[in-house]
Structure formats: structure tokens, C-alpha cells
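Only one structure is covered here, and it is reproduced in the block below.
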Amino acid sequence: MNSLPNFDERIERRGTHSAKWDMMEPLYGVPSDSGIAMWVADMDFRPPACVQAALESMNAHGVYGYFGDDRAYVAAIRWWMQHRHGWEVAPSSIFTTHGLVNGTALCVDAFTEPGDGVVLMTPVYHAFARVISFAGRKVVECPLAVEDGRYVLDIPGWDALLTGNERMMILCSPHNPGGRVWSRQELQEIAAFCERHNLILVSDEIHHDLVMPGHKHTVMPVAVPEVMDRLVMMTATTKTFNIAGAHIGNVIIPNEALRARFQRRLSAMGISPNSFGMAMATAAYSPEGAAWVDALTGYIDGNRRLFDEGVNAIPGLRSMSLEATYLAWVVFAGTGMEPGEFTERVEKQARIAVNHGPTFGKGGGSFLRFNLATPRDVVQEAVERLKGAFADLQ
Ligand SMILES: Cc1ncc(COP(=O)(O)O)c(C=O)c1O
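Okay, so the sequence shown: first residue is 10 according to my numbering, each after it adds one.
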């Protein structure tokens with residue numbers, strides 16, 4: 010790679026149509042000029058130079074016609090999955106969607122009928138429930154348990170919750186929020202649960218490259234090869250390389266019959282690739298992209314330690330220890346405050362825009378989610394503001 014990335018650089022994002030920075034005041038009342046945006050899951054960093062170069066080359070050419078010939082894109086995905094995740098992907102199993110919320114919606118459409126239940130391990134990424142409900146399906150919440158301050162499965166509890174009306178489960182691996190990297194044993198238990206209840210397993214692994222040093226993520230097809238016939242994998246470059254605005258994702262389906270069903274929905278919706286996203290993703294899945302991700306995860310790990318140390322020193326607050334993702338999940342239950350009060354302190358006194366726990370489903374009520382993918386001095390500033398907002402508890 011050309012040079013080491015400087016994640017410490019502060020890049021002004023206000024006034025760039027950024028959801029995270031330009032919508033915090035209209036949505037949360039956190040002032041645009043002095044607020045810190047720690048909600049939407051994108052990063053305040055530029056992607057690796059190879060991604061910028063791919064766009065610059067398109068701009069230099071200057072003709073922006075329809076995209077065709079995805080061989081380089083498919084080869085890049087296969088290289089990345091093989092080198093980074095030890096997973097050999099068949100070219101014919103890869104579909105391209107306009108991001109993974111779009112991929113989730115297509116799966117819900119393709120593999121379930123109105124009224125069917127779709128299982129989620131809650132609290133979990135909020136867009137899943139939104140897509141399921143708006144599609145007229147039922148969200149079936151299987152709450153995660155907390156053991157020693159981290160999320161764990163509760164398979165016997167979930168077995169008892171299912172009614173037989175469920176058709177699909179959406180797994181978030183690694184988990185957002187809470188940052189768990191599921192162990193092979195846990196992935197096997199989830200696969201067996203899907204087998205027992207005859208559920209299609211959609212594994213959203215959008216965070217699978219953002220794993221903290223010392224932890225190892227295993228992609229579902231490697232952890233449980235036997236689950237392949239009911240498995241739909243969702244992966245993307247967008248979270249890993251901070252190119253979410255490109256709206257591009259992969260839905261990878263090993264089973265031929267499921268592939269045919271998915272293809273029908275894709276055709277029915279008239280979905281075809283966005284050439285900017287294809288070029289950026291192809292460039293990102295490269296040795297240069299890999300070196301950048303290694304530097305990134307080291308940097309986020311430093312932010313995570315700084316944040317946890319500061320926040321956990323505030324009586325009543327506890328940040329779950331992240332094994333993956335850059336999304337700190339902080340529980341305020343120990344303050345004895347109602348969610349309205351601790352949220353108001355964070356938003357109005359500390360002037361930090363965060364995601365509200367209840368939007369993630371059951372079990373999220375006393376949490377707020379903080380995005381740590383920002384220069385370290387911004388994390389430091391956020392910690393100082395939180396200490397100030399809860400100073401009366403010290
Ligand atoms: C688990 C998960 N899936 C999907 C997405 C969003 O995917 P996309 O931007 O590709 O629609 C996110 C964003 O935070 C996420 O956390």
C-alpha cells in the first residue's frame with residue numbers, strides 16, 4: 010500500500026449530506042456545530058487509496074454507462090473470502106444487491122409469505138425488524154441472554170418460543186450491537202436450531218472483517234458446512250471500507266433451488282448493479298485493502314480501550330467488551346435512571362448523538378449505542394463529556 014492511513018485526521022463531514030453528521034440536529038436535537046455524531050454505523054475515515062483511485066479512474070474516463078462484465082468483481086470477492094475467511098465461494102452463487110438492507114428485504118420476499126414469522130436474536134440491528142414488519146411478516150424475537158456481561162444464546166428458551174409459523178431466521182454474525190464474535194460451537198447450535206425448526210438461515214456477516222485483535226470470526230459455511238442447503242450468506246465491502254453510500258452488497262446462496270427463488274425476486278424488482286459500487290468494491294478486495302483493514306482494526310481496538318476505560322469508570326455505566334464491530338453498547342441500568350433521563354443527559358448535556366437501545370428490540374431498553382469509528386481525540390472528547398454529564402454520580 011502507498012502509505013499508512015492516518016486515522017487521526019479529522020475530516021469535516023458536516024455539510025456533505027452525511028446522514029450521521031447532517032441529520033443529528035433535525036432528528037435528535039444534538040446541535041450540528043458542537044455535537045458529536047456517534048450514531049449511524051459509518052466511519053469518519055477515508056477508504057484505502059485503491060478505492061479512491063478506482064473512482065478517480067472512472068471520473069477521468071468520464072462516461073458513466075450501464076455496468077457489465079462482473080468477472081473482476083466476482084474474482085475479487087472469491088480472493089477476499091478465500092484469503093481472509095478460508096471460504097471458497099462458487100462464482101454462480103453470488104448475487105449483487107443494493108446493500109444488505111436491500112438484500113434482507115429480497116430474502117424476506119423470496120423465502121417467506123405474508124404472515125410468516127421471521128426469527129431475530131434480539132437486541133439486534135434495527136433495520137431487520139423494520140423490513141420484516143413493512144413486508145407484512147411477523148418479527149419473532151428470541152432474546153439473547155447476558156452472562157458475565159456478554160451476550161450468549163438461549164436455545165432452550167427459543168425452542169419454547171417458536172410456534173411452527175416461522176420460516177426464516179436472520180443471524181447477525183458478528184453481532185450488532187454487543188459486538189459478539191459467535192464461537193463455532195454457538196454457530197453449530199444456531200444451525201441446529203434452524204434445522205430443527207426448518208428455517209432458512211440468513212447470515213448477515215457485514216461486520217465480519219471488523220474483528221478485534223485476539224478474536225477470530227468464522228464464516229457460517231466454514232463453521233457448519235452441513236447447513237449449506239438452507240444458508241443464505243450476506244457480506245459486503247461497505248462496512249469494512251466505509252463506502253456505505255455506494256449501496257452494494259453480496260447475497261451468496263449455495264443451494265440451487267434457493268438461488269432460483271432469489272433470482273426471480275431480483276428480476277421482479279428490476280435490480281441491476283451500480284457501476285460506482287462495483288468499481289469501489291472490486292478495488293477494495295485487494296492486498297492493499299487487506300493491509301488497510303488490519304491497520305483499521307488495530308486503531309478501533311485502541312479507541313475501544315480508551316472508551317471502555319473512561320465509561321466504565323462512571324458509576325452505573327458499563328460498556329460491553331467489543332470482540333468485533335466499532336459499535337459500543339453501553340448499559341445505563343446501574344444509574345437507576347429512566348431511559349428518558351440518561352438519554353437526555355447524553356444528548357442534551359454531553360451533546361452526543363447515539364442510537365437508542367429500544368430500537369434494537371427486546372433487551373435493548375436500558376442501552377445506548379456509540380459509534381467509535383472516529384479519530385481518537387473525538388472519542389476522548391466524548392468520554393470527557395459523558396463524565397461531565399454524569400458527574401453527580403461520581
Ligand atoms: C448487521 C447489519 N446489516 C446491514 C447493515 C446495513 O447494510 P447496507 O448499508 O448494506 O444496507 C448494517 C449497518 O449498520 C448492519 O449493522
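Positions of the beta carbon are idealized from the N, C-alpha and C atoms, including for glycine.
Just to confirm the assignment, what range does the alpha helix (DSSP H) spanning residue i have?
i, result
"Ile257", "That residue, Ile257, is in no alpha helix (DSSP H); it is neither H nor E in DSSP."
"Ile252", "Here Ile252 belongs to no alpha helix (DSSP H), and DSSP marks it neither H nor E."
"Leu115", "109 to 120"
"Phe285", "284 to 293"
"Asn274", "Looking at the sequence provided, one finds Arg at residue 274 rather than Asn. Start and end: 265 to 277."
"Asn15", "Segment: none, Asn15 is in no alpha helix (DSSP H) and carries neither H nor E."
"Asp31", "28 to 31"
"Ser66", "58 to 70"
What I want to know is whether the C-beta of residue i ends up closer than 7 Å to one or more non-hydrogen atoms of ligand 1.
i, result
"Tyr134", "yes"
"Ala245", "yes"
"Cys59", "no"
"Asp213", "yes"
"Gly223", "no"
"Met258", "This sequence places Gly at residue 258; Met is not what is there. Yes, the Cβ of Gly258 comes within 7 Å of a heavy atom of ligand 1."
"His216", "yes"
"Gly345", "no"
"Gly319", "no"
"Tyr151", "The residue asked about is misnamed: residue 151 is Cys in this sequence, not Tyr. Cys151 Cβ: outside cutoff for every heavy atom of ligand 1."
"Lys248", "yes"
"Val392", "no"
"Asn185", "yes"
"Ala382", "no"
"Ala333", "no"
"Leu109", "yes"
"Cys116", "no"
"Ala50", "yes"
For residue i, name the three-state secondary structure that DSSP assigns.
i, result
"Thr131", "strand"
"Trp338", "strand"
"Leu395", "helix"
"Pro152", "strand"
"Ala245", "coil"
"Asn185", "coil"
"Val220", "strand"
"Arg87", "helix"
"Met10", "Note that Met10 scores a pLDDT of 45, beneath 50, so its modelled location is shaky; the value from the coordinates is reported in the next line. In this structure, Met10 counts as coil in the three-state DSSP scheme."
"Arg146", "coil"
"Ile199", "helix"
"Asp401", "helix"
"Arg327", "strand"
"Thr172", "coil"
"Phe76", "coil"
"Lys164", "Looking at the sequence provided, one finds Ile at residue 164 rather than Lys. Of the three classes helix, strand and coil, the one that applies to Ile164 here is helix, per DSSP."
"Ala299", "helix"
"Ile280", "coil"
"Ile261", "strand"
"Glu235", "helix"
"Glu21", "coil"
"Lys357", "helix"
"His94", "helix"
"Gly311", "helix"
"Phe369", "helix"
"Arg385", "helix"
"Arg55", "coil"
Would you kindly report the start and end of the unbroken beta strand (DSSP E) that includes residue i?
i, result
"Asp213", "209 to 213"
"Leu377", "376 to 380"
"Thr105", "103 to 106"
Based on DSSP bridge pairs, tell me the residues matched to residue i.
i, result
"Met178", "Val128, Leu210"
"Ala46", "Ala362"
"Thr352", "Partner(s): none; Thr352 has no beta bridge."
"Arg159", "Glu156"
"Leu240", "Leu210"
"Ala333", "Val220"
With a CB to CB cut of under 8 Å and the five nearest residues on each side skipped, what residues in its chain are close to residue i?
i, result
"Asp125", "Arg146, Lys147, Asn174, Glu175, Arg176, Met177"
"Val117", "Val127, Val140, Ile141, Ala144, Arg146, Met177"
"Val236", "Ala200, Cys203, Glu204, Leu210, Met229, Pro230"
"Ser41", "Arg23, Trp30, Asp31, Met33, Glu34"
"Gly158", "Arg327, Met329, Ser330"
"Tyr294", "Ala85, Ile86, Trp88, Trp89, Thr246"
Leaving aside the five residues before and after residue i along the sequence, list all residues of the same chain whose C-beta is less than 6 Å from its C-beta, in chain order.
i, result
"Ser102", "Ile261, Ile262, Pro263"
"Val39", "Met33, Glu356, Arg360, Ala362"
Excluding five sequence neighbours on each side, which residues of the same chain lie with their C-beta closer than 7 Å to the C-beta of residue i?
i, result
"Leu240", "Leu210, Ser212, Met229, Pro230, Pro263"
"Thr368", "His135"
"Leu13", "Ala304"
"Asp53", "Ile20, Arg22, Ala382, Thr383, Pro384"
"Thr121", "Val127, Arg146, Arg176, Met177"
Are the C-beta atoms of residue i and some chain B residue less than 8 Å apart?
i, result
"Ala290", "Judged by its chain identifiers, the structure shown contains no chain B, having just a single protein chain."
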